[in-house]
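Asks: Read top to bottom, the protein sequences are chains A and B. Take 234 as the starting number for the first sequence in the numbering used here and just add one per residue. Take 234 as the starting number for the second sequence in the numbering used here and just add one per residue. By construction, the Cβ of each residue, glycine as well, lies at the ideal position given by its N, Cα and C atoms. Since the structure is predicted, the reported quantities are computational estimates derived from the model, not experimental observations.
There are 2 protein chains.
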Amino acid sequence: MSEAQQAAPSEDVRKIWVGFDLGGTKMMAVVFDEKFEVLGRKRRRTREKNTKEVSLRRLTETIQLALEDAKVDPAGLQGIGAGCPGPLDLKRGVILEAPNLGWKDVPLRDHLSSEFKCPAEICNDVDGGVYGEYVRGAGRGARCVLGVFPGTGIGGGCVYEGRIFHGSRSSCMEVGFLQMATEGPAAGVGPVGTLEGLASRLAISGEAAKAVFRGKAPKLAALAGTDIGSIRSGTLSKAIEGGDTVIEEIVRRGAEQVGRGIGSLVNILAPDIVVLGGGLVEAMPKLYVAEVQKGIKRNVLPSLKDCFQLKVAELGDYSTAIGAAAWVRQKQSSSWVCKPSFVN
Amino acid sequence: MSEAQQAAPSEDVRKIWVGFDLGGTKMMAVVFDEKFEVLGRKRRRTREKNTKEVSLRRLTETIQLALEDAKVDPAGLQGIGAGCPGPLDLKRGVILEAPNLGWKDVPLRDHLSSEFKCPAEICNDVDGGVYGEYVRGAGRGARCVLGVFPGTGIGGGCVYEGRIFHGSRSSCMEVGFLQMATEGPAAGVGPVGTLEGLASRLAISGEAAKAVFRGKAPKLAALAGTDIGSIRSGTLSKAIEGGDTVIEEIVRRGAEQVGRGIGSLVNILAPDIVVLGGGLVEAMPKLYVAEVQKGIKRNVLPSLKDCFQLKVAELGDYSTAIGAAAWVRQKQSSSWVCKPSFVN
């Protein structure tokens, strides 16, 4: 045990929080100070197909390594927040299922809390990312922030008056499953004509692969061929730069659909700030944002069109870690009145 | 001044709240006790084209008449809540515009507060209705209630963790302006392919009038002719009972679209209860609800399909008055922390 750990906790111990981002391919622990400055971090591959015990141990170690990297007294640890994929039971703090990780019924909150002797919370990873953008990013302090992240799927989240808007089993803001058309492709899962079916990176890659197959996209053919698994956001961007106008058309069409979905959602949620993030936006921000703006204009009500700003996400890979750390802090600090006394 | 008013307010005075529903054709004031039992009421026509002063006086009188009807000591008045149409400025308590009333920039909250010497609040009328259903109706006490009211347009509202979910200028949950199709009719206003364009009572009446014109709906022809202004929800219901199968088909199609819109919204908001109300539902609950269920099933994500219940609104004409009265009460009673201290 280090000297710092042996010392009795005093008022002088620096207060720290840990944010954890549990992804399908990587996990990351970040140590923050009171102002959400990064004091230390550790990123590791998430190994699939381990037993629950081995996976949890790997997770614990990652946090310990991040704390060591931060070179602070662990006695100052105020809380750990973890952003997790898959359906969660927020009340019990359990990951119900994370198919990419092979996890089922993992009581992550209690595990973290007992391992590190501090409060812990879990939240959906996308929600965590939007909360991070609310706390220190593009949506800072806004009354209502809608986050939309077009990637393999299309993720979304909403922070309303300082709280993550969530469903009873955590999952909500399934922006990808807005119904956009009466017919059309499906997203691989779910009904046809959804936003995800029309405009996710997977949908766009599918269209692009067909263009390659037809001989219409020579640059993309050279870069990736017809395997949609190889057509990533960066590949699409390079093909467009290389002169594949058909690919540019496909990406623009997808982005406009995302904009139309956002326009619809603005009519529902009336956010003050819409944060746009994810791989496609990062790979080609200018082209993508312009088309999204066009789509929004098409669908948003005149009375709402001047009520919000569209902004590009600012925190990149750190958004979920910041948001999860802020979320455990928020849960501790506020009196959480969810029902007026006169309602029963 | 009555004896009751002269007496010094004491602990024994019965606590009362007033809910006010300001509609385009009628206004209604209702006096409630602590348990939201109705103690008195007054309903009057809303006269259009009066000056702001005359209209406000009429409104004040309506509340005074309801208080008289209740036969209670007005000294017990704890607050007045008013549900209002049109865009509102909630912070300042001002009706920005109510075209049906010819009102513009009416500071209703301060007017009520100074006339009756008590706290006052205004809210959107549909929001008030959903809050009423949350407080004492079909959505009682649920964590998240989505209300959908297909009528001339399609109104919507959401109560989340005890609060009305609202936009910065009040208007939000514009369920009628969900984008449902890439093409299709408009709602008279706004973009094409919206839920309101496809499935409002006005959209359905338009379809029905065309069927009459084509000679396909003899019963409706006799009841209303081809004037869409005369084809109300009750008329449609009677035509269906009378054997106009084409009209039944039209109504069913509209209801299914509403269900599909609700399915989309469940994917976004993950409510625990969806409250369905409005003229079409009231006129033919069985037929309408069955088709809505069908539409929901088509669009809702498998992971969310067992997370909510669809219920028919219970409070009818009283929902907005109850909700508005409860809203002013809620605003008084809770500490309204909207931003964590660490966000700036």
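(1) Measure the alpha-carbon distance for A557 (chain A) versus Y551 (chain A) and round it to whole angstroms.
(2) Assuming K337 (chain B) is part of the beta strand (DSSP E), what are its boundary residues?
(3) So I501 (chain B) contacts chain A; which residues on that side make the cut at Cβ distance below 9 Å?
(4) What is the C-beta distance between Q526 (chain B) and L431 (chain B), in whole angstroms, given that I count them as a contact (C-beta under 8 Å)?
(5) Is the beta carbon of D360 (chain B) less than 8 Å from the beta carbon of H399 (chain B)?
(6) Could you tell me which of A:N283, A:E270, A:T293 and A:G316 sits nearest to F253 (chain A), measuring between CA atoms?
(7) Flag this pair as yes or no: are the beta carbons of R280 (chain B) and R291 (chain B) separated by less than 8 Å?
(8) Can you give me the C-alpha to C-alpha distance between D358 (chain B) and A554 (chain B), rounded to a whole angstrom?
(9) With a 10 Å radius around its C-beta and 16 neighbouring C-beta atoms as the bar for buried, classify F382 (chain A) as buried or exposed.
(10) So R531 (chain A) and P424 (chain B) are supposed to be a Cβ contact under 8 Å. How far apart are they, rounded?
(11) Would you kindly work out how many angstroms separate the C-alpha atoms of A353 (chain B) and D505 (chain B), rounded to a whole number?
(12) What does DSSP give as the partner residues of I387 (chain B) in its beta bridges?
(13) Please list, in chain order, the chain B residues whose beta carbon lies closer than 9 Å to that of N357 (chain A).
(14) For A303 (chain A) and Q311 (chain A), I'd like the C-alpha separation in whole angstroms.
(15) Show which residues of chain B have a CB atom less than 7 Å away from the CB atom of F398 (chain A).
(16) So with Cβ pairs under 8 Å, would you call S566 (chain B) a contact of chain A?
(17) Closer than 8 Å by C-beta to R562 (chain B): which residues in its own chain qualify, once you throw out the five before and the five after it? Chain order, please.
(18) Looking at the structure shown, is F349 (chain B) part of a helix, part of a strand, or coil, going by DSSP?
(19) Does R247 (chain B) pass the burial test, meaning 16 or more other C-beta atoms within 10 Å, or should it be called exposed?
(20) A364 (chain A) and I397 (chain A) look like a contact to me (Cβ under 8 Å); what is the Cβ gap, rounded to whole Å?
(21) To the nearest angstrom, how far is the alpha carbon of G409 (chain B) from that of G511 (chain A)?
(22) Starting from the C-beta of V271 (chain A), find all residues in its chain whose C-beta is less than 8 Å away, skip the five residues before and the five after it, and write them out in chain order.
(23) Kindly say whether P320 (chain A), judged by its beta-carbon, lies nearer than 8 Å to any beta-carbon of chain B.
(24) In the DSSP assignment, find the beta strand (DSSP E) that holds A371 (chain A) and state where it starts and stops.
(25) By DSSP's criteria, I501 (chain B) is part of a beta bridge. Which residues make up the other side?
(26) Identify the contact partners of C540 (chain B) in chain A, using a Cβ-Cβ distance below 8 Å as the criterion.
(27) Just reading off the alpha helix (DSSP H) that R531 (chain B) is part of, what are its end residues?
(28) So the candidates are A:G319, A:R373, A:A457 and A:E366; which of them puts its Cα closest to the Cα of N333 (chain A)?
(29) Measure the C-alpha to C-alpha separation of S438 (chain A) and I461 (chain A) and round it to an integer number of angstroms.
(30) Given that a residue counts as buried once 16 or more other Cβ atoms are within 10 Å of its Cβ, and exposed if not, what is Q542 (chain A)?
(31) Can you list, in chain order, the residues of its chain whose CB lies under 6 Å from that of A488 (chain B), leaving out five sequence neighbours each side?
(32) First and last residue of the alpha helix (DSSP H) that includes G430 (chain A)?
(33) Using the beta-carbon of each residue, which ones in chain B are nearer than 9 Å to Q563 (chain A)?
(34) Between the stretch 257 to 274 of chain A and chain B, which residues of the former have a C-beta closer than 7 Å to a C-beta of the latter?
(35) Please confirm whether R493 (chain B) has its beta-carbon closer than 8 Å to some beta-carbon of chain A.
(36) Kindly list, in the order they appear in chain B, the residues whose Cβ is closer than 7 Å to that of A414 (chain A).
Replies: If we stick to the structure as given:
(1) Counting from one through the first sequence, the residue named residue 557 (chain A) turns up at place 324. Counting from one through the first sequence, the residue named residue 551 (chain A) turns up at place 318. The straight-line gap from Cα to Cα measures roughly 10 Å.
(2) On the second sequence, residue 337 (chain B) is found 104 positions in, with the first residue counted as 1. From DSSP, the beta strand (DSSP E) with K337 (chain B) extends over W336 to V339.
(3) Residue numbering aside, residue 501 (chain B) sits at position 268 when the second sequence is read from its first letter. Within chain A, G389, C391, C405, M406, E407, V408, F410, L411, L498, I501 and L502 have C-beta atoms less than 9 Å from the C-beta of I501 (chain B), given in sequence order.
(4) For the purposes of this step, residue 526 (chain B) is taken as the residue at position 293 of the second sequence. For the purposes of this step, residue 431 (chain B) is taken as the residue at position 198 of the second sequence. The C-beta separation of Q526 (chain B) from L431 (chain B) comes to about 18 Å, leaving the pair out of contact by the 8 Å criterion.
(5) As a first step, residue 360 (chain B) must be located in the second sequence, where it is residue number 127. As a first step, residue 399 (chain B) must be located in the second sequence, where it is residue number 166. In contact: D360 (chain B) and H399 (chain B) (Cβ atoms closer than 8 Å).
(6) Taking the first residue of the first sequence as 1, we reach residue 253 (chain A) at position 20. Shortest Cα-Cα distance from F253 (chain A) to any of A:N283, A:E270, A:T293 and A:G316 involves A:G316.
(7) Taking the second sequence and counting its residues from 1, one reaches residue 280 (chain B) at position 47. Taking the second sequence and counting its residues from 1, one reaches residue 291 (chain B) at position 58. Their beta carbons are under 8 Å apart, which means R280 (chain B) touches R291 (chain B) by this criterion.
(8) Numbered from 1 along the second sequence, position 125 holds the residue referred to as residue 358 (chain B). Numbered from 1 along the second sequence, position 321 holds the residue referred to as residue 554 (chain B). Here the C-alpha atom of D358 (chain B) lies approximately 9 Å from the C-alpha atom of A554 (chain B).
(9) Here residue 382 (chain A) refers to the residue found at position 149 when the first sequence is read from its first residue. Result: buried.
(10) Along the first sequence, one-based indexing puts residue 531 (chain A) at 298. Along the second sequence, one-based indexing puts residue 424 (chain B) at 191. The beta-carbon separation of R531 (chain A) and P424 (chain B), rounded to 6 Å, stays under the 8 Å limit for a contact.
(11) As a position in the second sequence, residue 353 (chain B) is number 120, starting the count at 1. As a position in the second sequence, residue 505 (chain B) is number 272, starting the count at 1. Those two C-alpha atoms are separated by around 30 Å.
(12) By 1-based counting over the second sequence, the position of residue 387 (chain B) is 154. In the DSSP output, where bridge partners are listed per residue, I387 (chain B) has B:P383.
(13) Residue 357 (chain A) sits at position 124 when you count from the first residue of the first sequence. Simply none; closest approach about 11 Å.
(14) Reading the first sequence from its first residue, position 70 is the one you call residue 303 (chain A). Reading the first sequence from its first residue, position 78 is the one you call residue 311 (chain A). Between A303 (chain A) and Q311 (chain A), the C-alpha separation is close to 15 Å.
(15) For the purposes of this step, residue 398 (chain A) is taken as residue 165 along the first sequence, with counting starting at 1. Here the neighbours are Y393.
(16) Within the second sequence, residue 566 (chain B) is the residue found at index 333, counting from 1. Answer yes: the Cβ-Cβ gap between S566 (chain B) and chain A drops below 8 Å somewhere.
(17) Residue numbering aside, residue 562 (chain B) sits at position 329 when the second sequence is read from its first letter. The answer, listed in chain order, is W250, Q311, G312 and G314.
(18) One-based indexing of the second sequence puts residue 349 (chain B) at position 116. Note: F349 (chain B) maps to helix in three-state DSSP.
(19) Taking the second sequence and counting its residues from 1, the one referred to as residue 247 (chain B) is at position 14. Counting the other CB atoms within 10 Å of its CB gives R247 (chain B) a total below 16, which places it among the exposed residues.
(20) Taking the first residue of the first sequence as 1, we reach residue 364 (chain A) at position 131. Taking the first residue of the first sequence as 1, we reach residue 397 (chain A) at position 164. Checking the sequence shown, residue 364 (chain A) turns out to be Tyr, not Ala. Y364 (chain A) to I397 (chain A), Cβ: 5 Å. Contact.
(21) Taking the second sequence and counting its residues from 1, the one referred to as residue 409 (chain B) is at position 176. Taking the first sequence and counting its residues from 1, the one referred to as residue 511 (chain A) is at position 278. Their Cα atoms are separated by approximately 29 Å.
(22) Residue numbering aside, residue 271 (chain A) sits at position 38 when the first sequence is read from its first letter. Contacts found: V263, V264, F265 and Y551.
(23) Residue mapping note: residue 320 (chain A) aligns to position 87 of the first sequence, counting from 1. Interface residue, yes.
(24) To locate residue 371 (chain A), count along the first sequence from 1; it is residue 138. Segment: none, A371 (chain A) is in no beta strand (DSSP E) and carries neither H nor E.
(25) By 1-based counting over the second sequence, the position of residue 501 (chain B) is 268. For I501 (chain B), which the question treats as bridged, DSSP gives no partner whatsoever.
(26) Here the question's residue 540 (chain B) lines up with position 307 in the second sequence. For C540 (chain B), the C-beta contacts it makes with chain A under 8 Å involve G400, S401 and R402, in order along the chain.
(27) If you number the second sequence from 1, residue 531 (chain B) lands on position 298. Start and end: P518 to N532.
(28) Sequence index remark: in the first sequence, residue 333 (chain A) carries index 100 (1-based). Checked all of A:G319, A:R373, A:A457 and A:E366; the closest Cα to N333 (chain A) is A:G319.
(29) Locating residue 438 (chain A) in the first sequence gives position 205, where the first residue counts as 1. Locating residue 461 (chain A) in the first sequence gives position 228, where the first residue counts as 1. Cα to Cα, S438 (chain A) sits roughly 5 Å from I461 (chain A).
(30) If you number the first sequence from 1, residue 542 (chain A) lands on position 309. Burial state of Q542 (chain A) is exposed, judged by a 10 Å Cβ sphere holding fewer than 16 other Cβ atoms.
(31) Counting from one through the second sequence, the residue named residue 488 (chain B) turns up at place 255. Cβ within range, chain order: Y521, E524 and V525.
(32) Position 197 of the first sequence, counted from the start, is the residue given in the question as residue 430 (chain A). G430 (chain A) -> alpha helix (DSSP H) spans L428 to A432.
(33) If you number the first sequence from 1, residue 563 (chain A) lands on position 330. Below the 9 Å Cβ cutoff, chain B contributes P573, F575 and V576 as neighbours of Q563 (chain A), in chain order.
(34) Taking 7 Å as the Cβ-Cβ cut-off against chain B, none of the residues of the stretch 257 to 274 of chain A qualify.
(35) Within the second sequence, residue 493 (chain B) is the residue found at index 260, counting from 1. True, the Cβ-Cβ gap to chain A drops below 8 Å.
(36) Here residue 414 (chain A) refers to the residue found at position 181 of the first sequence. The contacting residues are A414 and T415.
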